[in-house]
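Comments concern the structure below.
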């Protein structure tokens with residue numbers, strides 16, 4: 072682990088290498104803390120930023136994503152014991168979405184694993200994990216170090232993102248497949264590009280030396296004018312990720328390391344991430360508990376809801392019928408989806424109501440100029456994601 | 005389980021022929037299982053061996069007195085018919101004071117040499133502590149309940165524990181709950197005036213532990229020791245003829261008579277895993293031995309972190325195992341003497357038993373202060389025996405052996421044991437010399453066994469003779485760690501049977517017996 076000798080503890084929040092650029096473009100001065108950094112919540116308006124994700128291209132500063140470098144003889148064995156997925160199937164220059172659990176099979180966090188070389192990996196995650204990674208490394212010949220501050224990162228997401236990178240001379244970027252990593256030069260500055268993102272749309276994530284951060288931002292903003300580029304904050308991204316059906320930590324689940332109440336932690340099976348759990352790859356932390364849970368069958372599951380009406384069901388309690396007597400779950404993320412034109416939500420629902428096609432009832436509270444109304448709205452359990460355009464996977468993605 | 009690679013030869017393989025391993029093996033063999041015991045050392049016994057440390061002089065390498073092994077277990081294994089003889093039984097304990105008359109606590113009678121007030125207080129105290137010990141004792145022979153389950157056997161087991169305490173009656177129960185969390189210093193200060201009595205009673209609370217008398221939880225450790233004695237039937241201090249090794253030789257014979265095969269000089273390199281269950285062991289020699297169950301008498305850290313390896317365990321469990329406090333603080337000193345040690349004002353009857361040097365609670369506490377900072381005690385506290393008085397086989401005719409447990413001697417000595425060894429011996433000899441002037445002149449040979457030596461010689465991580473401190477957070481269902489406290493481990497087919505499990509070490513043997521019960525119970529339910 073590298074410990075910087077900076078005096079950052081004298082200030083409440085760190086600034087990312089893109090901060091000055093973001094500050095200059097912010098019209099609302101709306102900044103929020105994220106993993107120890109100050110980051111933009113909204114630049115202009117949420118609507119403008121959201122529609123840029125779905126119709127043009129957007130820049131989002133994801134430098135605060137916590138990054139760990141994993142190297143050493145046992146790097147693969149260590150990762151396979153850490154996460155539920157079979158990392159052995161991950162080829163060089165590929166990325167895999169993974170989750171990891173505690174001994175009881177309860178989710179600690181999710182993140183992406185980048186295989187950057189034969190035995191060099193990087194874990195990207197929203198929350199700090201060094202303690203758990205070091206504990207997990209006992210008995211393995213592996214070196215775990217935090218590199219968050221050594222790598223600046225920008226998400227370039229939207230239909231015109233590929234075209235913009237081609238405009239900038241990243242030859243061959245259009246051949247990158249979903250979850251593939253490529254190495255390019257942007258005005259003679261090395262940049263690593265992965266076809267990954269949190270929007271469920273066509274998009275890329277750019278990983279670079281922090282000293283190149285501002286020059287790259289400027290290049291993307293300048294060249295992107297004809298591609299409708301726009302910087303975005305976390306609020307617009309949140310709408311896009313709910314449409315894509317992605318989970319957000321501390322919104323849709325709380326890390327088992329942070330829960331203190333019994334029954335509030337979640338397993339990957341409950342979160343609908345059973346497809347990430349490979350029971351046949353050998354032992355991993357939580358495997359025995361998850362096998363037992365699988366045998367027993369999940370007690371609850373995270374599902375997508377399509378709710379009648381147009382009022383987002385923020386934090387709504389869910390009931391078995393509209394009498395509102397039998398509580399069977401609650402909503403964790405809810406929005407009116409501007410692209411799907413549906414009132415959608417992610418919700419944790421008890422058995423057996425989590426089956427696709429089930430009907431549940433959401434108790435929605437509406438403020439009519441501070442006069443509150445309660446509404447019971449019929450909701451249908453539906454497949455996720457709510458929005459999955461072909462361009463997300465298409466290679467080459469095409470010009471938009 | 006698939007056995008395509010090699011045929012299963014044994015139902016059970018026991019790693020380590022310490023007393024617990026041998027007892028476990030004997031009981032499993034008696035129950036009709038085919039059992040193989042693998043011992044890395046040249047002789048059976050683990051740390052409970054007798055060995056020659058100077059030509060003609062033999063001594064128990066670890067514990068030198070037996071007082072915790074249940075009488076019914078000794079009978080069940082017919083150890084006396086397998087050659088176990090007693091050199092001494094119901095031996096007294098004597099508190100030594102430099103240059104003064106000692107205080108003797110005989111097995112049954114009251115203490116000699118106390119003021120009337122202390123004598124009266126002692127008899128009340130002793131009876132009360134015995135009642136408490138008797139209330140706690142039944143839990144020793146039971147498999148501890150699991151925490152955090154809703155299963156009825158676990159709940160019942162917890163209720164049974166609570167009922168044992170409740171059964172004491174209101175007054176005793178209140179007193180037990182009052183003193184249970186106290187330190188032994190405060191408890192003894194409440195009761196007695198005599199510094200020597202307090203020192204001697206307090207010594208038992210910290211013997212072999214990483215505690216001083218003022219450490220929190222030391223009343224519990226004292227009660228725990230008394231409860232262990234109670235669970236053993238309060239048979240008092242005994243000395244097997246031929247030293248502790250003779251006990252293990254008898255245990256080995258009992259195991260062999262029941263059909264167990266014992267191989268010495270066979271160090272296990274790894275526990276083998278197939279399809280998420282233990283399926284045998286790999287020896288240093290490269291030999292593979294298949295087994296339906298692998299039962300480890302090695303300490304938990306060695307078992308999980310070295311023999312099994314972390315890859316087949318969950319990370320949180322590995323963290324817990326890594327955090328077991330298992331660094332020993334007790335050293336042993338063995339002296340070969342050309343005559344009886346010249347202890348001042350100690351009658352011969354007392355010399356046959358256990359001699360304590362813990363003249364006051366403050367003395368012990370000061371001795372402990374050094375250990376907290378990685379130093380050995382400048383003025384150590386000691387348990388001394390002269391086993392050759394009761395057992396002439398241990399030394400040439402007319403000569404003697406002195407065996408002393410010396411506290412505190414931290415495993416991780418700041419200056420390193422290579423540098424500190426001679427100084428440590430000199431310090432201990434100074435302390436004994438003060439009690440037995442002229443002792444130095446009688447010494448033919450001397451041996452120091454530090455916790456670091458114990459780690460090497462007996463392959464126990466940290467050189468702790470209990471395989472881990474006996475303390476509030478490391479007993480019962482927390483011993484050695486939750487998830488392995490019922491002798492089962494997270495890995496199907498792998499069991500623990502050593503001192504690192506409930507109820508701990510001290511040549512007790514209950515862990516081995518409980519483990520055998522669990523192995524057999526597991527077969528019945530699976």
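Protein chains in written order, with the working numbering: chain A, 72 to 471; chain B, 5 to 530.
Ideal Cβ positions, reconstructed from N, Cα and C, are used throughout, including at glycine.
- Relative to the C-alpha of residue 288 of chain B, which residue among B/311, B/320 and B/375 is closest? Taking the second chain and counting its residues from 1, one reaches residue 288 of chain B at position 284. Closest by C-alpha distance to residue 288 of chain B, out of B/311, B/320 and B/375, is B/311.
- Message: Need the endpoints of the beta strand (DSSP E) that residue 14 of chain B sits in, please.
- Response: As a first step, residue 14 of chain B must be located in the second chain, where it is residue number 10. Note, residue 14 of chain B: beta strand (DSSP E), 14 to 19.
- Query: What does residue 494 of chain B touch in chain A if you count any residue whose Cβ is under 9 Å from its own?
  - Reply: Stepping through the second chain from its first residue, residue 494 of chain B is reached at position 490. Under the 9 Å cutoff, chain A gives 174 and 359.
- Message: By the three-class DSSP mapping on this structure, what secondary structure does residue 202 of chain A have?
- Response: To locate residue 202 of chain A, count along the first chain from 1; it is residue 131. Here residue 202 of chain A sits in helix by DSSP.
- Item | Residue from B/358, B/299 and B/363 with nearest C-alpha to residue 516 of chain B | Locating residue 516 of chain B in the second chain gives position 512, counting from the first residue. The option with the nearest alpha carbon to residue 516 of chain B is B/299.
- Message: On the DSSP bridge list, what partners appear for residue 61 of chain B?
- Response: Mapped onto the second chain, residue 61 of chain B falls at position 57. Beta-bridge pairing links residue 61 of chain B to B/58.
- Message: Below 8 Å on C-beta distance, what does residue 273 of chain B contact in chain A?
- Response: Here residue 273 of chain B refers to the residue found at position 269 when the second chain is read from its first residue. Ordered by position in chain A, no residue passes the 8 Å Cβ test against residue 273 of chain B, which lies about 15 Å from the chain.
- Proximal residues of chain B, C-beta to C-beta of residue 144 of chain A below 8 Å: On the first chain, position 73 is the one that residue 144 of chain A refers to. From the beta-carbon of residue 144 of chain A, no residue of chain B is found nearer than 8 Å; the closest lies around 13 Å away.
- Message: Suppose contacts are defined by Cβ-Cβ distances below 7 Å. Is residue 32 of chain B in contact with residue 357 of chain B by that definition?
- Response: Working through the second chain from its first residue, we reach residue 32 of chain B at position 28. Working through the second chain from its first residue, we reach residue 357 of chain B at position 353. Going by beta carbons, residue 32 of chain B and residue 357 of chain B fall outside the 7 Å limit.
- residue 399 of chain A, buried or exposed, once every other Cβ within 10 Å from all chains shown has been counted against 16: Along the first chain, one-based indexing puts residue 399 of chain A at 328. Buried is the call here.
- Query: Could you give the residue range of the beta strand (DSSP E) that holds residue 315 of chain A?
  - Reply: Mapped onto the first chain, residue 315 of chain A falls at position 244. For residue 315 of chain A, no beta strand (DSSP E) encloses it; the enclosing alpha helix (DSSP H) starts and ends at 305 to 315.
- Item | Segments assigned alpha helix (DSSP H), at least 4 residues, entirely inside the stretch 257 to 281 of chain A | Those alpha helix (DSSP H) runs which fall completely within the stretch 257 to 281 of chain A and span 4+ residues do not exist here.
- Query: Closest by CA to residue 117 of chain A, which one among A/439, A/406, A/459 and A/446?
  - Reply: The sequence position of residue 117 of chain A within the first chain is 46, counting from 1. By alpha-carbon distance to residue 117 of chain A, the top candidate from A/439, A/406, A/459 and A/446 is A/406.
- Pick from B/172, B/510 and B/208 that is closest to residue 387 of chain B, judged by C-alpha positions: Position 383 of the second chain, counted from the start, is the residue given in the question as residue 387 of chain B. The candidate whose alpha carbon is nearest that of residue 387 of chain B is B/208.
- Nonlocal neighbours in the same chain, by C-beta distance under 6 Å from residue 304 of chain A, ignoring five residues either side: Indexing the first chain from 1 puts residue 304 of chain A at position 233. So the list reads 111, 112, 113 and 114, once near-sequence residues are dropped.
- According to DSSP, residues forming a beta bridge with residue 138 of chain A: Your numbering for residue 138 of chain A matches position 67 in the first chain. Looking at the DSSP assignment, residue 138 of chain A forms a beta bridge with A/195.
- Counting only the same chain and skipping the five closest in sequence on each side, list residues whose C-beta sits under 7 Å from that of residue 352 of chain A. The residue you call residue 352 of chain A lines up with position 281 of the first chain. Answer for residue 352 of chain A: 151, 157 and 159, listed in chain order.
- Message: Suppose the cutoff is 7 Å on Cβ atoms and the five residues either side in sequence are ignored; what does the same chain contact list for residue 394 of chain B look like?
- Response: Within the second chain, the letter at position 390 stands for residue 394 of chain B. So the list reads 91, 92, 243 and 356, once near-sequence residues are dropped.
- At a CB-CB cut-off below 8 Å, which residues of chain B make contact with residue 210 of chain A? By one-based count along the first chain, residue 210 of chain A stands at place 139. Near residue 210 of chain A (Cβ distances below 8 Å), the residues of chain B are 309, 313, 314, 315 and 322.
- Query: Pick from A/205, A/124 and A/217: whose alpha carbon is nearest that of residue 314 of chain B?
  - Reply: For the purposes of this step, residue 314 of chain B is identified with residue 310 of the second chain, where counting begins at 1. Ranking the options by Cα distance to residue 314 of chain B, first place goes to A/205.
- Message: Could you give the first and the last residue of the continuous alpha helix (DSSP H) run that contains residue 73 of chain B?
- Response: Counting from 1 along the second chain, the entry for residue 73 of chain B is found at position 69. Taken as a continuous stretch (DSSP letters only), residue 73 of chain B belongs to no alpha helix (DSSP H), as it is neither H nor E.
- Secondary structure of residue 91 of chain A, DSSP reduced to three states: Residue mapping note: residue 91 of chain A aligns to position 20 of the first chain, counting from 1. Reduced to three states, the DSSP call for residue 91 of chain A is helix.
- Item | Under the three-state DSSP convention, the category residue 338 of chain B falls into | Working through the second chain from its first residue, we reach residue 338 of chain B at position 334. DSSP, reduced to helix, strand and coil, places residue 338 of chain B within a strand of the structure shown.
- Task: Look up residue 505 of chain B in the DSSP assignment and say whether it is helix, strand or coil.
- Result: Within the second chain, residue 505 of chain B is the residue found at index 501, counting from 1. For residue 505 of chain B, the secondary structure class from DSSP, reduced to helix, strand or coil, is coil.
- Message: Between residue 319 of chain B and chain A, is the shortest Cβ-Cβ distance under 7 Å, so that the two count as touching?
- Response: Sequence index remark: in the second chain, residue 319 of chain B carries index 315 (1-based). For residue 319 of chain B, the answer is yes, since a Cβ of chain A falls inside 7 Å of its Cβ.
- Message: I want to verify the contact list: residues of chain B whose CB lies under 8 Å from the CB of residue 148 of chain A, in sequence order.
- Response: Numbered from its first residue, the first chain carries residue 148 of chain A at position 77. Near residue 148 of chain A (Cβ distances below 8 Å), the residues of chain B are 315.
- Give the secondary structure of residue 404 of chain B by DSSP, where H, G and I count as helix, E and B as strand, and everything else as coil. For this step, residue 404 of chain B is matched to residue 400 along the second chain. If DSSP states are grouped into helix, strand and coil, residue 404 of chain B belongs with the strands.
- Item | Per-residue DSSP class, three states only, for residue 248 of chain B | As a first step, residue 248 of chain B is located in the second chain; it is residue number 244 there, counting from the start. Note: residue 248 of chain B maps to helix in three-state DSSP.
- Measure the C-alpha to C-alpha separation of residue 282 of chain B and residue 391 of chain A and round it to an integer number of angstroms. Here residue 282 of chain B corresponds to residue number 278 of the second chain, with the count starting at 1. Here residue 391 of chain A corresponds to residue number 320 of the first chain, with the count starting at 1. Roughly 46 Å between the two C-alpha positions.
- Please confirm whether residue 387 of chain A and residue 435 of chain A have their CB atoms less than 7 Å apart. Walking along the first chain from the start, residue 387 of chain A turns up at place 316. Walking along the first chain from the start, residue 435 of chain A turns up at place 364. Yes, these two residues count as a Cβ contact at 7 Å.
- Task: Could you tell me the boundaries of the beta strand (DSSP E) in which residue 332 of chain B lies?
- Result: In the second chain, the residue the question calls residue 332 of chain B occupies position 328. Unbroken run through residue 332 of chain B: none, as it is neither H nor E.
- Kindly indicate which residue of B/228, B/71, B/203 and B/332 has the alpha-carbon position closest to the one of residue 185 of chain B. The sequence position of residue 185 of chain B within the second chain is 181, counting from 1. With distances taken between Cα atoms, residue 185 of chain B lies closest to B/228.
- Item | Opposing strand residues paired with residue 223 of chain A [DSSP bridges] | On the first chain, position 152 is the one that residue 223 of chain A refers to. Bridge partners of residue 223 of chain A according to DSSP: A/279.
- Would you say residue 354 of chain A faces chain B, with C-beta separation under 7 Å as the test? Residue numbering aside, residue 354 of chain A sits at position 283 when the first chain is read from its first letter. Against chain B, the CB of residue 354 of chain A has a partner CB under 7 Å away; the residue lies at that interface.
- Inside the stretch 153 to 179 of chain B only - alpha helix (DSSP H) runs reaching at least 4 residues: List check, alpha helix (DSSP H) in window: 156 to 170.
- Query: Applying a beta-carbon distance threshold of less than 7 Å, which residues of chain B neighbour residue 207 of chain A?
  - Reply: Along the first chain, read from residue 1 onward, the residue named residue 207 of chain A stands at position 136. One finds 319 in chain B with Cβ atoms closer than 7 Å to the Cβ of residue 207 of chain A, taken in chain order.
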